[in-house]
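Undergrad: Read in order, the letters of the sequence shown correspond to residues 80 to 141 in the numbering used here. Beta carbons: idealized from backbone N, C-alpha and C, even for Gly.
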Amino acid sequence: SKGSRVCAYWSTSLRGLHPAVVKTIPLETNKSSMVTLLFDDGDTGLIKLGEIRLLPDDYVIK
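What follows is the structure, given as structure tokens:
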């Protein structure tokens, strides 16, 4: 949901998951939609829904 803490690959060429916050979510009828994320470093990205992982509320980013 909007505002959820998640992690995702920024791009296929960069390794590692990057922490982010969900800015916009797709419509329920379009499960393959893209989600807009605001990454912790300030960048934004349009990421496939299936490539996003939900982070627990108490997860600490090191």
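In this structure, does DSSP put L93 in helix, strand or coil?
TA: On the sequence shown, position 14 is the one that residue 93 refers to. The answer is coil: DSSP assigns L93 none of H, G, I, E or B.
Undergrad: Using CA atoms only, rank isn't needed, just tell me which of H97, G82, S83 is closest to K141.
TA: Position 62 of the sequence shown, counted from the first residue, corresponds to residue 141. Checked all of H97, G82, S83; the closest Cα to K141 is H97.
Undergrad: For a test of the three-state rule: what should DSSP assign to G124, helix, strand or coil?
TA: Residue numbering aside, residue 124 sits at position 45 when the sequence shown is read from its first letter. It is a strand residue.
Undergrad: Just to confirm before moving on: does the CB-CB distance between T103 and K81 stay below 8 Å?
TA: By 1-based counting over the sequence shown, the position of residue 103 is 24. By 1-based counting over the sequence shown, the position of residue 81 is 2. Yes, these two residues count as a Cβ contact at 8 Å.
Undergrad: I want to see whether chain B comes within less than 8 Å of L133, judged by CB atoms only; does it?
TA: The displayed structure is made up of one protein chain only, and chain B is not part of it.
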